[in-house]
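S.K.: From first to last, the protein sequence lines stand for chains A and B. In terms of full-length UniProt numbering, the first sequence opens at residue 1 and continues consecutively. In terms of full-length UniProt numbering, the second sequence opens at residue 1 and continues consecutively.
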Amino acid sequence: MSEQMTAKVDVDLAQPSILSRRSPWRYLMLLAGLAVLVMLPYWIYPPVAMDILCWGLFAISVDLLLGFTGLLSFGHAAFWGGSAYCTGLIAITWGVPFPVAVIGGSVFAMLIAWPIGWLSVRRTGIYFAMVTLAFAQMIYFIANQLRDLTGGENGLQGIPRTFFGIDAVENDSFYFYYAGAVLIVIGIAIAWQVVNSPFGRVLTAVRDNPARARALGYDVEVFKIKAFVISAGLAGLAGGVFAISHGFASLQELAWTTSGKVVLITVLGGIGTLWGGLVGAGVVVTLEDYLSSSGFEGIGLITGGIFVVIVLLFRHGIWGTARNALRRFVLDRRRATRD
Amino acid sequence: MHEEVPALTATPLLETRSLTKEFRGFRAVSGVDLAVERGTIHALVGPNGAGKTTLFNLLTGFLTPTSGTVHFDGHDITGKAPEQIAPLGIARSFQITSLFEAMTLQEHLELALASPTGLANQWWRSVARLSRFRKRSLELLDQVGLADRAGAPASSLAYGQKRALELAIAMALDPKLLLLDEPTAGMGLEDVDRTIGLVKSLSAGRTVVFVDHNMHVVGSLADRVTVLQSGQVLAEGPYDQVRADERVITAYLGAVHE
Chain A
1 MSEQMTAKVD VDLAQPSILS RRSPWRYLML LAGLAVLVML PYWIYPPVAM DILCWGLFAI
61 SVDLLLGFTG LLSFGHAAFW GGSAYCTGLI AITWGVPFPV AVIGGSVFAM LIAWPIGWLS
121 VRRTGIYFAM VTLAFAQMIY FIANQLRDLT GGENGLQGIP RTFFGIDAVE NDSFYFYYAG
181 AVLIVIGIAI AWQVVNSPFG RVLTAVRDNP ARARALGYDV EVFKIKAFVI SAGLAGLAGG
241 VFAISHGFAS LQELAWTTSG KVVLITVLGG IGTLWGGLVG AGVVVTLEDY LSSSGFEGIG
301 LITGGIFVVI VLLFRHGIWG TARNALRRFV LDRRRATRD
Chain B
1 MHEEVPALTA TPLLETRSLT KEFRGFRAVS GVDLAVERGT IHALVGPNGA GKTTLFNLLT
61 GFLTPTSGTV HFDGHDITGK APEQIAPLGI ARSFQITSLF EAMTLQEHLE LALASPTGLA
121 NQWWRSVARL SRFRKRSLEL LDQVGLADRA GAPASSLAYG QKRALELAIA MALDPKLLLL
181 DEPTAGMGLE DVDRTIGLVK SLSAGRTVVF VDHNMHVVGS LADRVTVLQS GQVLAEGPYD
241 QVRADERVIT AYLGAVHE
């Protein structure tokens with residue numbers, strides 16, 4: 001029997017949210033989230049706040065594939081890093097306002113994602129992960145070879161933060177955060193819309209039962225490729241803002257460890273929860289920042305340790321576990337009031 | 001070529017010619033000529049391993065034939081993909097109940113009904129757009145007696161109800177040909193009789209091909225019966241004639257006493 005027919009994803013997803021689509025609690029939580037977004041650079045060093053948002057959107061892009069389409073990409077660094085370089089080159093060469101450069105980088109990520117997706121979606125599970133990893137490594141080596149363009153191991157230095165001549169945004173990372181956050185929020189909104197669209201419904205159908213989806217007339221491969229390209233575009237958006245924020249793009253952005261880190265963040269936040277990516281990024285980025293500023297050497301040891309603990313104790317990640325707990329609480333209370 | 005000739009109503013809706021599927025030298029389906037007439041209920045029976053499910057998978061594109069052809073309603077569908085065959089008007093159920101466990105019944109049917117509309121490609125629209133199929137979904141659920149469970153997740157259904165949902169999903173595609181793979185497998189007597197009634201009522205104006213081991217089901221539903229053994233057609237004809245066929249009796253008894 002063909003692989004497409006039987007392949008299912010063995011991901012244990014959190015229960016669906018107990019809140020209805022139009023529940024007032026949803027709007028309240030959204031408001032609370034926005035408040036945190038606005039206050040973040042007051043609480044922590046603004047470039048770190050920007051990093052959290054970038055990694056958060058990056059993790060959301062991975063979750064769109066892993067949690068909602070059932071594809072574990074282990075090569076998303078290609079899109080994050082590819083866009084980082086492309087964004088940087090556009091900003092350096094043409095001196096356009098940075099959102100234009102970031103969108104250019106994001107489009108570039110989607111352009112390279114199309115052939116990669118087309119070749120990868122024929123495989124599922126671990127094979128899909130390996131194919132995407134192989135392509136990402138290929139792009140890593142290409143970037144390393146094109147020294148004249150990418151700066152090789154030195155990275156691409158001196159990416160300007162051009163923003164319509166508004167001095168505060170161009171030179172103060174506190175104000176830049178808000179300009180960058182707008183792009184990230186647009187990215188999150190796109191991800192949310194995709195998940196909550198008829199298209200997103202088909203993606204979950206493809207995830208849960210590809211054979212049944214095909215028998216209903218849905219071309220599973222086409223849906224997977226589209227999801228892959230959208231996801232790459234979002235990863236590119238995040239990577240572009242990241243490059244502008246730091247003022248440089250390095251080979252680290254394309255390295256397989258970056259692909260691994262974003263998967264870790266996604267799992268930590270909760271697969272198939274979308275918002276979990278932001279929570280996971282918040283934990284991992286602040287922790288890394290705290291540990292590196294304390295001069296501690298074994299950052300990987302700590303983040304790895306936390307990862308192991310969370311995955312073992314809270315299989316559905318931070319957001320997924322919280323959502324399950326809320327669900328149980330509400331259901332228990334409903335049962336209690338009925339009795 | 002035959003394909004260019006417009007389909008006459010006199011030609012069979014589904015026709016296979018010397019259809020063969022080999023798996024590493026093992027012939028699961030071997031030179032099967034099958035003709036399913038329009039408006040009939042056609043049963044495929046045979047001992048385990050006779051090639052019934054393989055044949056289903058060949059007809060719906062889940063497997064590609066090694067040789068031979070499949071024609072459906074004037075189209076050559078040999079070697080086409082499931083998602084190309086389904087829109088032509090073939091809907092199938094699966095032997096092992098095959099649902100989207102996390103979705104509600106309503107969502108299953110909305111997804112099936114949205115399939116030919118292209119709405120599913122629109123990622124910029126709200127999922128609430130699917131509610132335009134609500135009325136039709138409820139009608140279909142009502143037909144199979146599941147209207148009161150419309151908002152429940154599929155995973156909460158009892159086994160017999162899941163099979164009924166499978167039928168409703170297949171019907172949502174408004175197929176010319178309905179392929180049912182063991183619609184009564186694993187059911188208790190009561191559910192079997194309910195399913196027989198259901199298939200009867202759903203088959204009005206349609207063509208149905210089904211696989212079943214239960215001779216009671218075959219006898220109550222089928223206009224024609226094709227008996228498969230070791231991937232080949234052993235006998236074909238009306239139920240009573242086939243049941244009396246010496247070779248069929250031997251095949252079945254032989255299979256039982258092995």
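Beta carbons are placed, not taken as given, at the ideal position from N, Cα and C, and that holds for glycine. For clarity, every value in this text was computed on a predicted model and none was experimentally measured.
1) If contacts are defined as beta-carbon pairs under 8 Å, then residue 238/A and residue 184/A qualify, I think. What distance do you get, rounded to the angstrom?
2) Taking Cβ-Cβ distances shorter than 8 Å, what residues in chain A pair up with residue 87/B?
3) Would you be able to state if there are at least three C-beta pairs under 8 Å between the region 160–180 of chain B and the region 197–212 of chain B?
4) At a CB-CB cut-off below 9 Å, which residues of chain A make contact with residue 99/B?
5) In whole angstroms, give me the CA-to-CA distance for residue 196/A and residue 108/B.
6) From the DSSP output, in three-state form, read off residue 90/B for me.
7) Comparing the C-beta of residue 205/A with each C-beta of chain B, is any distance below 7 Å?
8) What separation, rounded to the nearest whole angstrom, lies between the Cα atoms of residue 109/A and residue 54/A?
9) Check the Cβ-Cβ distances between residue 68/A and every residue of chain B, and say whether any is below 7 Å.
10) Where does residue 124/B land, buried or exposed, given buried means 16+ other C-beta within 10 angstroms?
11) Mind checking residue 172/A: buried by the 16 CB within 10 Å criterion, or exposed?
12) Output, in chain order, the set of chain A residues within a Cβ distance shorter than 7 Å of residue 121/B.
13) Please check if any C-beta of chain B sits within less than 7 Å of the C-beta of residue 196/A.
14) Return no unless some Cβ of chain B is closer than 7 Å to the Cβ of residue 323/A.
15) If contact is defined by three or more beta carbon pairs under 8 Å, each pair taking one atom from either stretch, is the region 72–88 of chain B in contact with the region 97–113 of chain B?
16) Could you say if the region 219–239 of chain B and the region 21–40 of chain B meet the contact criterion of at least three C-beta pairs nearer than 8 Å?
17) Per DSSP, residue 213/B forms a beta bridge with which residues?
18) Using only alpha-carbon positions, find the residue among 230/A, 192/A and 88/A that is nearest to residue 274/A.
19) Is the Cβ of residue 82/B closer than 7 Å to any Cβ of chain A?
20) With distances taken from CA atoms, which of 139/A, 97/A and 149/A is nearest residue 167/A?
21) Beta carbon of residue 52/A, beta carbon of residue 277/A: below 7 Å?
22) Using a Cβ-Cβ cut-off of 8 Å (strictly less than) and excluding sequence neighbours within five positions of residue 106/B, which residues of its own chain qualify?
23) State yes or no: is the beta carbon of residue 115/B nearer than 7 Å to at least one beta carbon in chain A?
24) Buried or exposed: where does residue 183/B fall if 16 or more other Cβ atoms within 10 Å of its Cβ makes it buried?
25) Since residue 146/B meets chain A, which of its residues come closer than 9 Å, beta carbon to beta carbon?
26) What span of residues does the beta strand (DSSP E) with residue 21/B cover, start to end?
27) In the DSSP assignment, the beta strand (DSSP E) including residue 42/B goes from what residue to what residue?
28) Between the beta-carbon of residue 245/A and the beta-carbon of residue 50/A, is there less than 7 Å?
29) Do we get a CB-CB distance below 7 Å when we pair residue 6/A with the residues of chain B?
30) According to DSSP, is residue 246/A part of a helix, a strand, or is it coil?
31) Could you check whether the Cβ of residue 164/B sits closer than 7 Å to any Cβ belonging to chain A?
32) So is residue 121/A in contact with chain B if we call contact Cβ pairs under 7 Å?
33) Can you tell me whether residue 105/A is helix, strand or coil according to DSSP?
34) Thinking C-alpha only, which one of 20/B, 54/B and 117/B is nearest residue 33/B?
35) Helix, strand or coil: which one does DSSP assign to residue 153/A?
36) Between the region 319–328 of chain A and the region 80–90 of chain A, can you find at least three pairs of beta-carbon atoms closer than 8 Å?
M.R.: On the basis of the supplied data:
1) 7 Å
2) 217
3) yes
4) Under the 9 Å cutoff, chain A gives 208, 209 and 212.
5) 16 Å
6) Reduced to three states, the DSSP call for residue 90/B is strand.
7) yes
8) 15 Å
9) Judged by the 7 Å Cβ criterion, residue 68/A is not in contact with chain B.
10) exposed
11) exposed
12) 199
13) yes
14) no
15) The answer is no - the region 72–88 of chain B does not touch the region 97–113 of chain B, with fewer than three Cβ pairs under 8 Å.
16) yes
17) For residue 213/B, which the question treats as bridged, DSSP gives no partner whatsoever.
18) If we check each option's Cα against that of residue 274/A, 192/A comes out closest.
19) With 7 Å as the cut-off, residue 82/B counts as an interface residue toward chain A.
20) For residue 167/A, the nearest C-alpha among the options comes from 97/A.
21) no
22) 134, 137, 138, 141, 150 and 151
23) yes
24) By the 10 Å Cβ count, residue 183/B comes out buried.
25) Below the 9 Å Cβ cutoff, chain A contributes no neighbours of residue 146/B, its closest Cβ being approximately 17 Å away.
26) Annotation for residue 21/B: the continuous beta strand (DSSP E) segment containing it runs 14–23.
27) 41–45
28) yes
29) Reliability of the predicted coordinates at residue 6/A is poor, the pLDDT of 45 falling under 50, and no value is obtained from them.
30) helix
31) no
32) no
33) Of the three classes helix, strand and coil, the one that applies to residue 105/A here is helix, per DSSP.
34) 20/B
35) helix
36) no
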